[in-house]
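*Asks:*
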Amino acid sequence: HSPRPLSQTDPFIRVENVSKSFGTFQAVKDVSLTIEKGEIFALLGGSGCGKTTLLRMLAGFEDPSAGRIFIDGQDMTGVPPWARPVHMMFQSYALFPHMTVERNVGYGLQHEAMTAAERRDRVREMLELVQLAPYAGRKPHQISGGQRQRVALARALARAPKLLLLDEPLAALDKKLREQTQFELMNIQDKTGVTFIVVTHDQDEAMTLSNRIAVMDKGQVRQVGTPTDVYEYPASRFVAGFIGAITFFEGVVESLGDTARIAVPDFAGPQATGTVQARPTAGLKPGQKVTLAIRPEKFSISRHRPEGPNVLAGVVRDLGYFGKDSLYRVALPSGGLVSVHAVNARRAGEAERVADWEDAVWLSFDPSAAILLGE
Ligand code: ATP
18 HSPRPLSQTD
28 PFIRVENVSK
38 SFGTFQAVKD
48 VSLTIEKGEI
58 FALLGGSGCG
68 KTTLLRMLAG
78 FEDPSAGRIF
88 IDGQDMTGVP
98 PWARPVHMMF
108 QSYALFPHMT
118 VERNVGYGLQ
128 HEAMTAAERR
138 DRVREMLELV
148 QLAPYAGRKP
158 HQISGGQRQR
168 VALARALARA
178 PKLLLLDEPL
188 AALDKKLREQ
198 TQFELMNIQD
208 KTGVTFIVVT
218 HDQDEAMTLS
228 NRIAVMDKGQ
238 VRQVGTPTDV
248 YEYPASRFVA
258 GFIGAITFFE
268 GVVESLGDTA
278 RIAVPDFAGP
288 QATGTVQARP
298 TAGLKPGQKV
308 TLAIRPEKFS
318 ISRHRPEGPN
328 VLAGVVRDLG
338 YFGKDSLYRV
348 ALPSGGLVSV
358 HAVNARRAGE
368 AERVADWEDA
378 VWLSFDPSAA
388 ILLGE
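Note that the UniProt record's numbering has the sequence shown beginning at 18, numbered continuously upward.
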């Protein structure tokens, strides 16, 4: 396993067929990934899907049972955590309570070959980066949760790692602070150019923060893509359902051409044709069973029957009003429920929802809005 030079085409990180077993339990199963320099890359998945285990293998706290990990062109097999160009930031932030913010940030530099003045400058630079210079003299208990998170980040970045691993970095923050801190993290990443790998179970966080997301399930990577890829073009029912809200309809392919025609029992009824038009996807065959998946915001909702294909009649069962938009759950004659997210109309400057509880409504959607999943 001798180091080899990084070629132009080599990714910054290559995870090659990596598995990890604990006894007979396989926590990570044959994962392969590449990550480019300067990316914010999210490992996203539910509890126990293996994302932390994968992160710990990148850090060197766990050894893969099979497969190899390359960082910056170097095979990491047998390389201990401290010898890797990597820093891991833990969920708890692990700040020293008796040390000031400044000393916490400087702590990671104590073994670096630096003069005291250089160290002081570096700590200052990091505190300015995370906008905490005025708090340098405070102890962790004298600052807020969001500020503690930034101290941990400053400490992690002080040693100029090439790769920063963040395990649920925002989990301890409340919703508002979490959203604000997401943007701060992105700005800091942008300024430093350090590659970030973020473990999170929060799809919104992964969507907001990262350039690309690996969606994990039961130890496996189910899809890797940009936030748009995984949202608009999910590769499977699992990914479609995991990322954001969506309604599934079961159907059978009737015919294929410029548009696919799908027979969908939920769409059959006195006022509907039972056929849905959709954008065809590769590999579909007539007679095949398919799942039709439609995001809530892709539906139009109206009290009058609209023109065009893909029309569904239903009754408003549940309703949430949020000012600029409303969420509806519409019950179909078949018994199915459809989630709809619609912008409210404005009348005399006031946001007004399209329909009320128990109103009969029409739903429609453009053929290009339907995702066909043929599994
Ligand atoms: P969470 O979000 O809950 O932390 P995760 O996706 O990060 O979940 P991991 O911590 O990677 O999940 O764990 C994956 C699976 O491996 C879990 O079922 C866990 O119980 C198991 N596991 C993790 N570490 C060990 C260990 N040291 N010994 C035995 N089983 C382990």
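Just so you know, even glycine gets a beta-carbon here, dropped at the ideal spot from N, CA and C. The structure presented is a predicted model; accordingly, all values stated were derived computationally and were not measured.
Measuring only the C-alpha atoms, how far is residue 115 from residue 156?
*Replies:* When rounded, the distance between both Cα atoms is 7 Å.
*Asks:* Go to residue 249, then tell me how far its beta strand (DSSP E) extends in each direction, as first and last residue.
*Replies:* Not the beta strand (DSSP E): residue 249 falls in the alpha helix (DSSP H), residues 244-249.
*Asks:* Determine the direct distance from the alpha carbon of residue 214 to that of residue 86, and round the result to whole angstroms.
*Replies:* Residue 86 and residue 214: Cα-Cα distance of roughly 14 Å.
*Asks:* Secondary structure at residue 267, three-state DSSP: helix, strand or coil?
*Replies:* Three-state result, residue 267: strand.
*Asks:* Taking 8 Å as the limit between beta carbons, can you name the residues of its chain near residue 228, skipping five residues before and five after?
*Replies:* Excluding sequence neighbours, residue 228 sits near 56, 57, 58 and 243.
*Asks:* Tell me, please, which residues DSSP counts as bridged to residue 367.
*Replies:* BP columns for residue 367 point to 364.
*Asks:* State whether the stretch 80-97 contacts the stretch 242-256, with contact taken as three or more CB pairs (one from each stretch) at a distance under 8 Å.
*Replies:* These segments do not touch.
*Asks:* Is the beta carbon of residue 316 less than 8 Å from the beta carbon of residue 382?
*Replies:* Cβ atoms of residue 316 and residue 382: closer than 8 Å.
*Asks:* Out of 260, 283 and 144, which has the shortest C-alpha to C-alpha gap to residue 269?
*Replies:* When only C-alpha atoms are compared, the closest one is 283.
*Asks:* Following a CB-centred definition, is residue 42 positioned closer than 7 Å to any heavy atom of the ligand ATP?
*Replies:* Yes, the Cβ of residue 42 comes within 7 Å of a heavy atom of the ligand ATP.
*Asks:* How is the alpha helix (DSSP H) around residue 123 delimited, first residue to last?
*Replies:* From DSSP, the alpha helix (DSSP H) with residue 123 extends over 118-124.
*Asks:* Looking only at its chain, what residues have a beta carbon closer than 7 Å to the beta carbon of residue 337, apart from the 5 residues adjacent to it on each side?
*Replies:* 343 and 344, listed in sequence order.
*Asks:* When the Cα of residue 256 is compared with those of 203, 238 and 339, which residue comes out closest?
*Replies:* Comparing Cα-Cα distances from residue 256 to each of 203, 238 and 339, the minimum goes to 238.
*Asks:* Check residue 385 in the structure and name its three-state DSSP category.
*Replies:* If DSSP states are grouped into helix, strand and coil, residue 385 belongs with the helices.
*Asks:* Looking at the structure shown, is residue 29 part of a helix, part of a strand, or coil, going by DSSP?
*Replies:* Coil at residue 29, not helix or strand.
*Asks:* DSSP three-state call for residue 254: helix, strand or coil?
*Replies:* Note: residue 254 maps to helix in three-state DSSP.
*Asks:* Taking buried to mean at least 16 other C-beta atoms within 10 Å of its own C-beta, is residue 359 buried or exposed?
*Replies:* Buried, since its Cβ has 16 or more Cβ neighbours within 10 Å.
*Asks:* Since residue 192 is in the alpha helix (DSSP H), which residue starts that stretch and which ends it?
*Replies:* Segment 192-209, the alpha helix (DSSP H) holding residue 192.
*Asks:* Output needed for residue 28: all residues of its chain with C-beta closer than 7 Å, excluding positions within five of it in sequence on either side, in chain order.
*Replies:* The answer, listed in chain order, is 51, 52 and 53.
*Asks:* Can you tell me the Cβ-Cβ gap for residue 3 and residue 168, rounded? I've got them flagged as a contact below 8 Å.
*Replies:* With the chain covering only 18 through 392, there is no way to say anything about residue 3.
*Asks:* Got a sec: does the ligand ATP put a non-hydrogen atom nearer than 7 Å to the Cβ of residue 58?
*Replies:* No, the beta carbon of residue 58 sits no closer than 7 Å to any heavy atom of the ligand ATP.
*Asks:* Across which residues does DSSP place residue 379 in a beta bridge pair?
*Replies:* Answer by DSSP bridge pairing, in chain order: 319 and 330.
*Asks:* Are the stretch 90-108 and the stretch 191-209 touching by the rule of at least three beta carbon pairs closer than 8 Å?
*Replies:* Short answer: they don't touch.
*Asks:* Residue 212 lies in the beta strand (DSSP E); which residues open and close that run?
*Replies:* Its beta strand (DSSP E) spans residues 212-217.
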